[in-house]
């Protein structure tokens with residue numbers, strides 16, 4: 176083994192062996208897309224492998240002022256819709272050379288505790304799903320201006336991506352009205368969420384527009400168990416013609432609790448509608464009519480703000496992703 180191989184290799188050793196400048200070697204080994212010819216990149220990578228060179232992320236962060244980490248701030252991860260979305264989010268984040276750390280807030284008190292105790296993480300940006308965190312608080316938590324708000328609590332200084340839920344909700348309610356639905360039940364999620372408040376408002380407006388009377392509203396928390404518990408509210412003879420849930424997980428709970436009312440997955444006493452268009456709904460067990468949006472398009476809009484922060488202008492309106500209704504057998 177040579178002296179070069181025995182010593183801890185440096186970026187200069189890699190550059191010398193590859194026959195390029197130190198700057199070119201650094202660009203070739205960067206996780207970010209930086210200009211370097213394919214031939215030089217291949218030589219640098221081969222040299223790094225031969226020398227056993229490993230990038231010193233701490234030293235790199237001191238030079239570039241970045242750590243290639245993105246904080247994702249959530250309340251919790253127990254809603255099934257989180258799984259579909261976060262798998263895409265992780266893949267697209269890694270595709271731009273960054274990694275994710277998850278921070279579970281859980282409650283408004285917890286968000287205030289983070290701020291009060293000065294808890295902060297050195298990250299390049301934050302993506303905020305938690306409805307307990309506003310844009311100002313998150314910017315203070317991370318001491319960063321690059322905060323993408325996904326919870327409806329954005330301000331003029333933060334980019335935001337939202338789903339245009341009114342469109343899909345309107346289509347779902349129109350579908351029910353076209354099938355003779357005159358009364359409806361609504362199973363809702365967390366009342367503190369601005370996104371949920373807007374969602375419920377959209378349902379109420381669509382019911383009114385189509386002459387459907389809302390006769391029963393039940394508070395859930397987006398989870399399967401809360402939907403299963405809510406099913407008892409629709410067990411009597413005064414059951415509405417249709418039940419709309421603001422998450423698919425709650426609709427799945429209702430379907431399982433009321434399987435006798437869906438022989439062959441077709442509605443006998445009431446029609447059932449969910450929200451999120453989970454991938455699970457494409458299987459035979461849960462053919463629930465739902466409302467969804469293109470999650471990949473949503474995530475890529477988020478990535479655009481991360482990779483090109485200049486794409487956002489203060490005061491810019493949120494980027495809206497359209498939703499649509501997907502009919503399945505529980506709607507009849």
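Residue numbers (our numbering): 176 to 507.
Where is the CB? At the ideal position from N, CA and C, for every residue including glycine.
Please read these numbers as outputs of a predicted model, since none were measured by experiment.
Per-residue burial, residue 413 [other beta carbons within 10 Å of its own, 16 or more giving buried]
In the chain shown, the residue the question calls residue 413 occupies position 238. When all chains shown are included, residue 413 counts as exposed.
Less than 8 Å between the beta carbons of residue 408 and residue 393, yes or no?
What you label residue 408 is simply residue 233 of the chain shown in a count that begins at 1. What you label residue 393 is simply residue 218 of the chain shown in a count that begins at 1. Yes, these two residues count as a Cβ contact at 8 Å.
Measure the alpha-carbon distance for residue 202 versus residue 260 and round it to whole angstroms.
The residue you call residue 202 lines up with position 27 of the chain shown. The residue you call residue 260 lines up with position 85 of the chain shown. So the alpha carbons of these two residues sit roughly 32 Å apart.
Opposing strand residues paired with residue 358 [DSSP bridges]
Walking along the chain shown from the start, residue 358 turns up at place 183. Looking at the DSSP assignment, residue 358 forms a beta bridge with 388.
Cα separation between residue 372 and residue 441?
The count along the chain shown starts at 1 and reaches residue 372 at position 197. The count along the chain shown starts at 1 and reaches residue 441 at position 266. Each residue's Cα considered, the two are about 30 Å apart.
Determine, using beta-carbon pairs with one atom in the segment 350-367 and one in the segment 381-393, whether at least three such pairs fall under 8 Å.
yes
Cβ-based burial, residue 222 [other Cβ within 10 Å; buried from 16]:
To locate residue 222, count along the chain shown from 1; it is residue 47. By the neighbour-count rule (16 or more Cβ atoms within 10 Å), residue 222 is buried.
Alpha carbon to alpha carbon, what distance is there between residue 246 and residue 450?
The sequence position of residue 450 within the chain shown is 275, counting from 1. The sequence position of residue 246 within the chain shown is 71, counting from 1. One C-alpha to the other measures close to 26 Å.
Determine the DSSP secondary structure at residue 278, reduced to helix, strand or coil.
Residue mapping note: residue 278 aligns to position 103 of the chain shown, counting from 1. Looking at residue 278 - three-state DSSP - the assignment turns out to be strand.
Within 8 Å, strictly: CB atoms of residue 323 and residue 471
Within the chain shown, the letter at position 148 stands for residue 323. Within the chain shown, the letter at position 296 stands for residue 471. No, the pair does not count as a contact, with Cβ atoms beyond the cut-off.
Who are residue 494's beta bridge partners in DSSP?
One-based indexing of the chain shown puts residue 494 at position 319. Residue 494 is bridged to 336.
On the CB-based measure, 16 or more other CB atoms within 10 Å of its CB, does residue 217 come out buried or exposed?
As a position in the chain shown, residue 217 is number 42, starting the count at 1. Exposed: under 16 other Cβ atoms inside 10 Å.
For a minimum of 4 consecutive residues, which ranges assigned as the alpha helix (DSSP H) are wholly contained in the segment 419-476?
423-432
Grab the span of the alpha helix (DSSP H) containing residue 199 for me, first residue to last.
Along the chain shown, one-based indexing puts residue 199 at 24. Element bounds for residue 199: 197-204.
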